[in-house]
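This report refers to the structure that appears directly beneath it.
Number of protein chains: 2
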Amino acid sequence: MSTSHPSQTRLEGLIEALRRLPGVGIKSAQRMAFHLLQHDRDAADQLARALDGALAAVGHCARCHTFTENPLCDICADDERDAQQLCVVESPADQAALERTGSYRGLYYVLMGRISPLDGVGASDLGAGQLMDRALDGRVQEVILAVSFTAEGEATAHVLAEALKARGLRVTRLARGVPAGSELEYVDLSTIAHALVDRR
Amino acid sequence: MSTSHPSQTRLEGLIEALRRLPGVGIKSAQRMAFHLLQHDRDAADQLARALDGALAAVGHCARCHTFTENPLCDICADDERDAQQLCVVESPADQAALERTGSYRGLYYVLMGRISPLDGVGASDLGAGQLMDRALDGRVQEVILAVSFTAEGEATAHVLAEALKARGLRVTRLARGVPAGSELEYVDLSTIAHALVDRR
Numbered sequence: 001m002s003t004s005h006p007s008q009t010r011l012e013g014l015i016e017a018l019r020r021l022p023g024v025g026i027k028s029a030q031r032m033a034f035h036l037l038q039h040d041r042d043a044a045d046q047l048a049r050a051l052d053g054a055l056a057a058v059g060h061c062a063r064c065h066t067f068t069e070n071p072l073c074d075i076c077a078d079d080e081r082d083a084q085q086l087c088v089v090e091s092p093a094d095q096a097a098l099e100r101t102g103s104y105r106g107l108y109y110v111l112m113g114r115i116s117p118l119d120g121v122g123a124s125d126l127g128a129g130q131l132m133d134r135a136l137d138g139r140v141q142e143v144i145l146a147v148s149f150t151a152e153g154e155a156t157a158h159v160l161a162e163a164l165k166a167r168g169l170r171v172t173r174l175a176r177g178v179p180a181g182s183e184l185e186y187v188d189l190s191t192i193a194h195a196l197v198d199r200r
Numbered sequence: 001m002s003t004s005h006p007s008q009t010r011l012e013g014l015i016e017a018l019r020r021l022p023g024v025g026i027k028s029a030q031r032m033a034f035h036l037l038q039h040d041r042d043a044a045d046q047l048a049r050a051l052d053g054a055l056a057a058v059g060h061c062a063r064c065h066t067f068t069e070n071p072l073c074d075i076c077a078d079d080e081r082d083a084q085q086l087c088v089v090e091s092p093a094d095q096a097a098l099e100r101t102g103s104y105r106g107l108y109y110v111l112m113g114r115i116s117p118l119d120g121v122g123a124s125d126l127g128a129g130q131l132m133d134r135a136l137d138g139r140v141q142e143v144i145l146a147v148s149f150t151a152e153g154e155a156t157a158h159v160l161a162e163a164l165k166a167r168g169l170r171v172t173r174l175a176r177g178v179p180a181g182s183e184l185e186y187v188d189l190s191t192i193a194h195a196l197v198d199r200r
C-alpha cells in the first residue's frame, strides 16, 4: 500500500505506519494510534523525534558492525580491551547481555541476524565476508561464537566455524550445560545430555 | 525519564520512546528499534512522518467527539443520517464495526473510553456532560448504548442510562444473545441465560 493513498486519512496513515513495526497487527496498531492521539500526544511527538534522530545519527561501527553514532563504537575504540579475542554475537542485545556479565574483556563482531534459510538469510547476507576480514586482522587469536543454541544459531555457528577454521583461526563456542540455579529435574534432556558430554 | 538524558544514545532514546506505546515492553522495544534501523529505515521514516501528520491534523469532531481532520466528521456532516438516533460507542474501532454492518443509519457519540474506577476514569472523564448536551439537541429521540458487555462497559451503560433517562430520553442497549454461526454447546452460560430471558 502507498503512503500517499489519496482517500486515506492521517489516522489511517498512522495506523498503517504502526503496522510496519515487527509484531504489530491491525488491532494493536489501532490501539496504539488511538492511545497516542487521545491520551499521550507527548509520547507520539517523542517517538517522531526519536525516529528522526536515530535515522540521522545511528550507523554501524566500522569494525564490529554494531549500532553507533561514531565511526567506531565505544568498545572497539577502547584500547584496554583484549584485541586477541573476538566474540561473535547475533545482536546488540546479546552483546549487552555478555557485557553485563563483566567477565569478557575482548572485542566483538555483531552479525545483526543469523542464517535463516526460511527467511532467505544466507551467510553472505550476514556479512560473513566482513567477519573474515575482521578476524584476519593479524591480532585476533580466538573467535568465540556466542550465537543462539537454536536450529538457526547452530547453522550460523557451523558455517562460520568452518570458514574461520579454514583460515587457520582458533574457534570456540559458549559452553552448553545446566543453567545456574536450576534443579536437574526441570532441565530439558538435550541440555543434560550436552552437560554430561562436556563434563569437567 | 527525560528524553534529553545527557549520556543517553539516540538508540536508547528510540527504545525508550517505543516503550511508551501501549503493550510494548523493553524486549519488544529493542526488537522494534533494531528492526527499524537494520532492516526497514523506510518504515521508521514513514512512522515519523505519520506521527507528525496525525499530531498536526487530527482533532475531535465537535458533535460526536471521534477523531477527524475537519470540524465535523464525515458521519456527523452527512445530512442523510437519521438525527433522531444517537448510538454511544466506546471507540472509533467500535463505531467502524457498527458502520460495517450497514444496518445503522443514525448518528454516533464516541466516548473514547469507558468508566474504569481502577484506572481512575469516572463519568466526568468520559465527557458525560458533553454527551448530555449532545443528546439534548432537541432532535435525538433514542440513545442506543452500544458499549461493551464487560464489567466496565456495564458500569458505563448504567451511569449513562440513568443520566439520560433522568432527562427524559429513551435509552436502549444492543441485544444480548447467541452470536451468529455458533453452536449452543460452545456458548458460555451467561450468554445463553441472557438469550433465554430476551427470547422473542
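Taken in sequence, the protein lines are chains G and X.
Counted the way my numbering counts, the first sequence spans residues 1 to 200.
Counted the way my numbering counts, the second sequence spans residues 1 to 200.
No residue lacks a Cβ here, since even glycine has one placed at the ideal position from N, Cα and C.
Any idea if residue i is buried or exposed, counting beta-carbon neighbours within 10 angstroms, 16 or more meaning buried?
i, result
"Tyr-186 (chain X)", "exposed"
"Pro-92 (chain G)", "buried"
"Ser-4 (chain X)", "Residue placement at Ser-4 (chain X) is poorly supported in this model, since its pLDDT is 46, which falls under 50; the coordinates are not used for a value here."
"Ala-17 (chain G)", "buried"
"Gly-199 (chain X)", "Note on residue identity: the sequence assigns Arg, not Gly, to residue 199 (chain X). Exposed, since its Cβ has fewer than 16 Cβ neighbours within 10 Å."
"Ile-26 (chain X)", "exposed"
"Val-197 (chain G)", "exposed"
"Thr-150 (chain G)", "exposed"
"Met-1 (chain G)", "Residue placement at Met-1 (chain G) is poorly supported in this model, since its pLDDT is 40, which falls under 50; the coordinates still yield a value, given next. Under this definition Met-1 (chain G) is an exposed residue."
"Ala-29 (chain X)", "buried"
"Arg-170 (chain X)", "exposed"
"Thr-68 (chain G)", "buried"
"Cys-64 (chain X)", "buried"
"Gly-102 (chain G)", "exposed"
"Gly-13 (chain G)", "buried"
"Glu-90 (chain X)", "buried"
"Leu-118 (chain G)", "exposed"
"Leu-37 (chain X)", "buried"
"Leu-184 (chain X)", "exposed"
"Leu-189 (chain G)", "exposed"
Tell me which residue opens and which closes the beta strand (DSSP E) that residue i is part of.
i, result
"Arg-170 (chain G)", "170-173"
"Gln-85 (chain G)", "82-89"
"Leu-107 (chain X)", "106-110"
Taking C-beta to C-beta, are residue i and residue j nearer than 8 Å?
i, j, result
"Val-121 (chain G)", "Gly-129 (chain G)", "no"
"Ala-33 (chain G)", "Ile-15 (chain G)", "yes"
"Gln-95 (chain X)", "Thr-66 (chain X)", "yes"
"Thr-191 (chain X)", "Arg-176 (chain X)", "yes"
"Leu-136 (chain G)", "Ala-161 (chain G)", "no"
In the DSSP assignment, the alpha helix (DSSP H) including residue i goes from what residue to what residue?
i, result
"Val-197 (chain X)", "189-197"
"Leu-55 (chain G)", "41-57"
"Val-159 (chain G)", "151-166"
"Leu-145 (chain X)", "Counting along the chain, Leu-145 (chain X) falls outside any alpha helix (DSSP H), though it belongs to the beta strand (DSSP E) covering 142-145."
"Arg-139 (chain X)", "Where Arg-139 (chain X) is concerned, there is no enclosing alpha helix (DSSP H), given that its DSSP letter is neither H nor E."
"Gln-95 (chain X)", "92-101"
"Ile-15 (chain X)", "10-19"
"Arg-134 (chain G)", "128-135"
Assuming residue i contacts residue j under a Cβ cut-off of 8 Å, what Cβ separation, rounded to an integer in Å, is found between them?
i, j, result
"Val-159 (chain G)", "Val-88 (chain G)", "Actually they are not in contact, since the Cβ atoms of Val-159 (chain G) and Val-88 (chain G) sit about 11 Å apart, beyond 8 Å."
"Val-58 (chain G)", "Arg-10 (chain X)", "6 Å"
"Thr-172 (chain G)", "Glu-152 (chain G)", "20 Å between Cβ atoms; not a contact."
"Leu-111 (chain X)", "Leu-126 (chain X)", "5 Å"
"Leu-86 (chain G)", "Val-140 (chain G)", "5 Å"
"Val-178 (chain X)", "Ala-195 (chain X)", "5 Å"
"Ala-48 (chain G)", "Ala-77 (chain X)", "Wrong, their Cβ atoms sit about 29 Å apart, outside the cutoff."
Item to check | the stretch 49-61 of chain G touching the stretch 44-59 of chain X, judged by at least three CB pairs closer than 8 Å | outcome: yes
Checklist entry - Do the stretch 58-77 of chain G and the stretch 19-37 of chain G meet, that is, are 3 or more Cβ pairs less than 8 Å apart? => result no
Checklist entry - How do the stretch 154-170 of chain X and the stretch 97-106 of chain X stand: do at least 3 beta-carbon pairs fall below 8 Å, yes or no? => result no
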